[in-house]
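Asker: Residue numbers (our numbering), protein chains in the order written: chain E, 28 to 514; chain A, 28 to 514. Quick reminder that beta carbons are idealized off the backbone N, C-alpha and C, glycines included.
There are 2 protein chains.
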Amino acid sequence: MNGAESLVRTLVASGVEVCFANPGTSEMHFVAALDRVDGMRAILGLFEGAVTGMADGYGRMAEKPACTLLHLGPGLANGLANLHNARRASTPIVNIVGDHATTHAQYDAPLASDIIGFARPVSAWVQSSPSALTVAADGARAVQAARAAPGQIATLILPADTAWNEAEGEAPPLPVAAPVPVSDEAVYRAVAALRSTKKTTLLIRGAALKERGLRAAGRIAAKTGARLACDTFTARLQRILVGAKPPVSFFAYPGKPSWGLPQGCTIHYLAQAHEDGIQALEALAEALGVDDAPTHIAPLKLPDGTPDKLDQFTIGQVIARHLPDDAIVSDEAATSGLGSALATATARPHDWLSLTGGSIGQGLPVATGAAVAAAGRKVVCLHGDGGAMYTLQALWTQARERLDVTTVVFANRSYAILNIELARVGAGNPGPKALSMLDLHNPELDWTRLASGMGVEASRATTIGEFEAQFASAMLAKGPRLIEVLL
Amino acid sequence: MNGAESLVRTLVASGVEVCFANPGTSEMHFVAALDRVDGMRAILGLFEGAVTGMADGYGRMAEKPACTLLHLGPGLANGLANLHNARRASTPIVNIVGDHATTHAQYDAPLASDIIGFARPVSAWVQSSPSALTVAADGARAVQAARAAPGQIATLILPADTAWNEAEGEAPPLPVAAPVPVSDEAVYRAVAALRSTKKTTLLIRGAALKERGLRAAGRIAAKTGARLACDTFTARLQRILVGAKPPVSFFAYPGKPSWGLPQGCTIHYLAQAHEDGIQALEALAEALGVDDAPTHIAPLKLPDGTPDKLDQFTIGQVIARHLPDDAIVSDEAATSGLGSALATATARPHDWLSLTGGSIGQGLPVATGAAVAAAGRKVVCLHGDGGAMYTLQALWTQARERLDVTTVVFANRSYAILNIELARVGAGNPGPKALSMLDLHNPELDWTRLASGMGVEASRATTIGEFEAQFASAMLAKGPRLIEVLL
């Protein structure tokens, strides 16, 4: 068994079942090993930014890491922006980055680069594995690092000779650092804060935004009158109830505060990111003597009636009406997304995956990876046209893997958010050059051609009636679809 | 005048005339300043990998830097792979990377990242400019760094408050480190080597591959019998004569040498990368007593006759026949490129721009940037289908700017080079999973739809006759065109 096979066997033994890949020469032994080892699904992406975004979407839904397979420093570099988003989402990911053979490094061949330098800003754990005898153990450590609460990015660099030289065998899985229970003292401090006369908000992040945590939070809110809030952009929100307030502004603006909390506000940490937020909320509920009955569950209420104009709010109503039970929404609709977020608050239960790190081009790959992780669930991707152009290659993987993803592209032919931001930052009256940097009209993108060019069935909606017919039919069918809505 | 305007004025004063941009909120003051300052053309790209590749193509042809405008760490990250290629090409580029306001950094907002960490592996010079009072001077230093021989990448990080705060004014241009003349001793050593009885090869790189250097080299070769060679992948080769031999192999292979020179070969450096290769070759020619008559100039010889089958060699003949005088070829055809490289060796004089750093997805943006730098010259981009998917967004910029670029996509529906590499690295008999990682048939990409979806007129050729008709008509017309050749 060579080093590559020992690594693949170790990854599988450690629970890694999917490899999102865009390999090159230096990864060929890893690729060949995929056929000799059972249990690792290999999914090809045509660009590394799509590959890493898929791993993010997969990790958010599967709650365990996929691995990526990337071609040296430049391959990793192409995937960094979505790894930035994944880092902000605390998604567990194991990157396998091929490298030149250790004996070849001295020659500074064209593809040589500082891979560790590229990896470090996004990775909690980085290691280059210099020997086939140790690479299995390094792989087990990479998975362990990725799974450490609340979820991290681990990058293992695999020189070609480490992959092709003879290895000893696979390494056993390592124990995972589960979330740490919060202390009784932290719970008592939170109880005291909730019982004080001050207005109180519970700001929730991470795993506690999934069903169990939210049920506990709902009961606490019902008993104490505390407001519930989460970040505007969450890795994964199971929407049985909802609330949001960001603690810091996304950007700074001249003369405006960056810190979103009012003066005089006191912050108590019930649980830190690596601690067990679900246990913390349940302990807090118990300490407050909250009864067990579910509360604050949003009642199902679907929009009715047929709206007549086409805008993001009527689109949101249509989506809310037809979104099936247990759907997953990947949301990068930016300025066009508010309508859907509002209208679906009382829709059938679903998961909502947001753009966590602000780096656009996440929505299509995250939807793709989520569909891999959650077969049998409908995935809906809401995307602005500007951002969708970054990683449109993900559509090809949706077609190749016949994934059940319906993408709605909000075609406003603009980086619309920048028109708002231009005013917010006080950059004055924009001239024609500045405006041209925000405008995508010349030429107009045709998303039906782009999607069908990658094998995804696509249609265009210019009225709300057309949109409803197309979206409803997509919800009843299986497989990839794209609807371009002209706004 | 704010910091952004002082920076734009400084860049223009230092000779930077084009800004390839994909801006966001933190760059809005720079964008607004583009309208208040004459002399900077702003060209929008829909993805940063396209933006940095355009700056590379521009710099290779213009022989001076363009600037890029990128949105924080993730925006830079998306552009890193083509900056890697540009670094290998010694292309001068000034990256302007927006950042959060210095006062906002403490809040670790979603888009915050280690920008310097991302920048360092590709940049010879990196600086974050903390004040509007110094940013103009920093901009002048960035241009100076980029222009230092043989050409470098300089990255200037522009925090939002540095851009919007009041500045003092523009900074004067700084002197540029021109290539250093080689010493008489280096010339004498080369003369001795060329007059020895050993077989001698002149290995040429960089600016010396342009017309003046090649003329001197041709005269030296005629006098001494020395062989002329350059890297396989050159930043820019003016093809009045040609020769190639790489000194190291692109990848390492088990049991094969990485070092391409025969044992017993002695290396003499006539000129280092930062030295004046043209002056060195001319001094060497003079020291050898070579006469001034041009020699070793390839005679014009165009293929005639109509081939009947469609393959890369017949395609190369068609391209050679119709390539107009003074064309620029951006070559990322990979396994399909040899036919064109061979057939055009005696075509009308042209420049040949290669994939210097091995990171695929360079060809389309480099062609785009070259067309910006060299208005009036026909640009032909030869591209494999796999690599073209990485940065296909460059086609939109070609349509928007009405650039005179004809792209030929060699659609073999495969990462064909990896089929060769899989065998070369001895990875054994590939199984179905491994083969699926190299195969792009399922689904088939339709480049006519992808191109027309971005506003570029496109056609498909399935016979050599169709290809000749389409290519010949494209050479006679102006503006962007794409021809998908089904191989």
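Specify whether the stretch 207 to 226 of chain E and the stretch 73 to 82 of chain E touch according to this definition: at least 3 beta carbon pairs, one from each stretch, less than 8 Å apart.
Answerer: no
Asker: Report, in whole angstroms, the separation of the C-beta atoms of A:ALA116 and A:THR383, which I expect to be a contact under 8 Å.
Answerer: Residue numbering aside, residue 116 of chain A sits at position 89 when the second sequence is read from its first letter. Residue numbering aside, residue 383 of chain A sits at position 356 when the second sequence is read from its first letter. That belief holds up - the Cβ atoms of A:ALA116 and A:THR383 are roughly 4 Å apart, short of 8 Å.
Asker: Distance cutoff 8 Å, beta carbons only. Does E:TYR134 sit that close to anything in chain B?
Answerer: The structure shown contains no chain B; the protein chains it does contain are E and A.
Asker: Closer than 8 Å by beta-carbon distance: list the chain E residues that pair up with A:PHE437, in chain order.
Answerer: Position 410 of the second sequence, counted from the start, is the residue given in the question as residue 437 of chain A. Under the 8 Å cutoff, chain E gives no residues; its nearest Cβ is about 16 Å from A:PHE437.
Asker: Could you tell me the alpha carbon to alpha carbon distance between E:SER367 and E:GLN339, rounded to whole angstroms?
Answerer: Locating residue 367 of chain E in the first sequence gives position 340, counting from the first residue. Locating residue 339 of chain E in the first sequence gives position 312, counting from the first residue. Going from the Cα of E:SER367 to the Cα of E:GLN339 covers about 7 Å.
Asker: How far does the alpha helix (DSSP H) with A:SER463 in it reach, from first residue to last?
Answerer: What you label residue 463 of chain A is simply residue 436 of the second sequence in a count that begins at 1. Element bounds for A:SER463: 459 to 463.
Asker: Please name the residue in E:ALA108, E:LYS225, E:LEU236 whose C-alpha comes closest to that of E:ILE517.
Answerer: Any property of residue 517 of chain E remains undetermined from this structure, which presents chain E solely from 28 to 514.
Asker: At a Cβ threshold of 8 Å, is A:ALA271 touching chain E?
Answerer: Taking the first residue of the second sequence as position 1, residue 271 of chain A is located at position 244. With a pLDDT of only 31 at A:ALA271, under the threshold of 50, the placement of this residue in the model should not be trusted, and no figure is reported.
Asker: Select from A:HIS468, A:ASP473, A:ALA198, A:GLY385 the residue whose C-alpha is nearest the C-alpha of E:PRO101.
Answerer: To locate residue 101 of chain E, count along the first sequence from 1; it is residue 74. Nearest option by C-alpha distance: A:GLY385.
Asker: Taking A:PRO50 and E:MET502 to be in contact with their CB atoms under 8 Å, please state how far apart those CB atoms are, rounded to whole angstroms.
Answerer: Residue numbering aside, residue 50 of chain A sits at position 23 when the second sequence is read from its first letter. Residue numbering aside, residue 502 of chain E sits at position 475 when the first sequence is read from its first letter. That pair is no contact at about 37 Å.
Asker: Can you give the Cα-Cα distance for E:CYS408 and A:GLY42, rounded to whole angstroms?
Answerer: On the first sequence, residue 408 of chain E is found 381 positions in, with the first residue counted as 1. On the second sequence, residue 42 of chain A is found 15 positions in, with the first residue counted as 1. Cα to Cα, the separation comes out at about 44 Å.
Asker: Pick out the complete alpha helix (DSSP H) segments inside the stretch 407 to 455 of chain E, 4 residues or longer, and give them in chain order.
Answerer: As far as the stretch 407 to 455 of chain E is concerned, its whole alpha helix (DSSP H) runs of at least 4 residues are 412 to 415, 421 to 427, 443 to 451.
Asker: How about E:PRO470 and A:MET55: do their beta carbons lie closer than 8 Å?
Answerer: On the first sequence, position 443 is the one that residue 470 of chain E refers to. On the second sequence, position 28 is the one that residue 55 of chain A refers to. In this structure, A:MET55 does not lie closer than 8 Å to E:PRO470 by Cβ.
Asker: Any C-beta of chain E within less than 7 Å: which residues of the stretch 111 to 144 of chain A qualify?
Answerer: If you check each beta-carbon in the stretch 111 to 144 of chain A against every beta-carbon of chain E, the ones closer than 7 Å belong to HIS111, ARG115, HIS127, ALA128, THR130, HIS131, TYR134, ALA136, PRO137, LEU138, SER140, ASP141, GLY144.
Asker: Spell out a yes or no on whether the stretch 242 to 250 of chain E and the stretch 307 to 320 of chain E are touching, meaning 3 or more CB-CB pairs, one atom from each, closer than 8 Å.
Answerer: yes
Asker: Closest to E:ALA377 by C-alpha separation, out of E:SER285, E:ARG263, E:VAL452, would be which residue?
Answerer: Within the first sequence, residue 377 of chain E is the residue found at index 350, counting from 1. Checking the displayed sequence, the identity of residue 377 of chain E turns out to be His instead of Ala. In terms of CA proximity to E:HIS377, E:ARG263 leads the group E:SER285, E:ARG263, E:VAL452.
Asker: Give every residue of the same chain whose Cβ lies closer than 6 Å to the Cβ of A:THR341, excluding the five residues on either side of it in the sequence, and list them in chain order.
Answerer: Along the second sequence, read from residue 1 onward, the residue named residue 341 of chain A stands at position 314. The answer, listed in chain order, is PRO334, ILE491.
Asker: Could you check if A:VAL269 is buried or exposed, using at least 16 other CB atoms within 10 Å of its CB as the buried criterion?
Answerer: In the second sequence, residue 269 of chain A corresponds to position 242, counting from 1. With a pLDDT of 33 at A:VAL269, under the threshold of 50, the modelled position of this residue cannot be trusted, and the question is left open.
Asker: Please list, in chain order, the chain A residues whose beta carbon lies closer than 8 Å to that of E:GLY84.
Answerer: Along the first sequence, read from residue 1 onward, the residue named residue 84 of chain E stands at position 57. At a beta-carbon threshold of 8 Å, none of the residues of chain A lie near E:GLY84; the nearest stands roughly 17 Å away.
Asker: As an exercise, report each continuous beta strand (DSSP E) stretch of at least 3 residues that is fully enclosed by the stretch 364 to 393 of chain E, in chain order.
Answerer: Secondary structure within the stretch 364 to 393 of chain E: the beta strand (DSSP E) runs of 3 or more consecutive residues, fully enclosed, are 377 to 381 (chain order).
Asker: I want to see whether chain A comes within less than 8 Å of E:LEU268, judged by CB atoms only; does it?
Answerer: Position 241 of the first sequence, counted from the first residue, corresponds to residue 268 of chain E. In this predicted model, E:LEU268 has a pLDDT of only 38, less than 50, meaning its place in the structure is not dependable enough to derive any value.
Asker: Which of the three DSSP states, helix, strand or coil, is assigned to E:ALA234?
Answerer: Stepping through the first sequence from its first residue, residue 234 of chain E is reached at position 207. Per DSSP, reduced to three states, the secondary structure at E:ALA234 is helical.
Asker: So is E:ASP258 buried or exposed if we call it buried at 16+ other beta carbons inside 10 Å?
Answerer: Your numbering for residue 258 of chain E matches position 231 in the first sequence. With 16 or more Cβ atoms within 10 Å of its Cβ, E:ASP258 is classed as buried.
Asker: Along chain A, which residues have their Cβ under 8 Å away from the Cβ of E:GLU448?
Answerer: Start at 1 with the first residue of the first sequence, and residue 448 of chain E comes out as number 421. Neighbours of E:GLU448 on chain A, chain order: GLY51, THR52, MET55.
Asker: Under 8 Å, do A:HIS131 and E:ALA279 count as touching if we go by C-beta distance?
Answerer: Residue 131 of chain A sits at position 104 when you count from the first residue of the second sequence. Residue 279 of chain E sits at position 252 when you count from the first residue of the first sequence. Yes, these two residues count as a Cβ contact at 8 Å.
Asker: In angstroms with no decimal places, state the Cα-to-Cα distance between A:ARG508 and E:GLU302.
Answerer: Residue 508 of chain A sits at position 481 when you count from the first residue of the second sequence. Residue 302 of chain E sits at position 275 when you count from the first residue of the first sequence. Going by the C-alpha atoms only, they are around 57 Å apart.
Asker: Could you give the distance in angstroms between the alpha-carbon of E:ILE143 and the alpha-carbon of A:THR37?
Answerer: As a first step, residue 143 of chain E must be located in the first sequence, where it is residue number 116. As a first step, residue 37 of chain A must be located in the second sequence, where it is residue number 10. Going from the Cα of E:ILE143 to the Cα of A:THR37 covers about 34 Å.
Asker: Enumerated in chain order, which unbroken segments of the beta strand (DSSP E) with a length of 3 residues or greater are wholly contained in the stretch 211 to 267 of chain E?
Answerer: 228 to 231, 254 to 257
Asker: Would you decide whether E:VAL207 is buried or exposed? Buried here means 16 or more other CB atoms lie within 10 Å of its CB.
Answerer: Locating residue 207 of chain E in the first sequence gives position 180, counting from the first residue. Classification of E:VAL207: exposed, given that the 10 Å Cβ count is below 16.
Asker: Kindly give me the distance between the Cβ atoms of A:SER156 and A:THR261, rounded to whole angstroms, as I take these residues to be in contact under 8 Å.
Answerer: Sequence index remark: in the second sequence, residue 156 of chain A carries index 129 (1-based). Sequence index remark: in the second sequence, residue 261 of chain A carries index 234 (1-based). Incorrect: roughly 34 Å between the Cβ atoms, too far for contact.
Asker: Bridge partners for E:LEU183 per DSSP, in chain order?
Answerer: The count along the first sequence starts at 1 and reaches residue 183 of chain E at position 156. Its beta-bridge partners are E:ILE123, E:GLN154.
Asker: List, in chain order, every chain E residue whose beta-carbon is nearer than 8 Å to that of A:TRP191.
Answerer: Here the question's residue 191 of chain A lines up with position 164 in the second sequence. Here the neighbours are PRO281, VAL452, GLY453, ALA454.
Asker: Which residues bound the alpha helix (DSSP H) around E:GLU75?
Answerer: Sequence index remark: in the first sequence, residue 75 of chain E carries index 48 (1-based). Looking at the DSSP string, the run of the alpha helix (DSSP H) that includes E:GLU75 is 75 to 89.
Asker: Within this structure, are the beta carbons of E:ALA354 and E:ALA370 separated by less than 8 Å?
Answerer: If you number the first sequence from 1, residue 354 of chain E lands on position 327. If you number the first sequence from 1, residue 370 of chain E lands on position 343. Going by C-beta atoms, E:ALA354 is not nearer than 8 Å to E:ALA370.
Asker: Taking the alpha carbon of A:LEU201 as the reference point, which residue from A:ALA40, A:ARG440, A:LEU449, A:ALA488 has its own alpha carbon closest?
Answerer: Within the second sequence, the letter at position 174 stands for residue 201 of chain A. The candidate whose alpha carbon is nearest that of A:LEU201 is A:ALA40.
Asker: Please work out which residues of its chain come closer than 8 Å, Cβ to Cβ, to A:ALA146, disregarding the five sequence neighbours upstream and downstream, and give them in chain order.
Answerer: Within the second sequence, residue 146 of chain A is the residue found at index 119, counting from 1. Cβ neighbours of A:ALA146 beyond the five flanking positions: LEU103, ASN122, VAL124, VAL153, THR182, ILE184.
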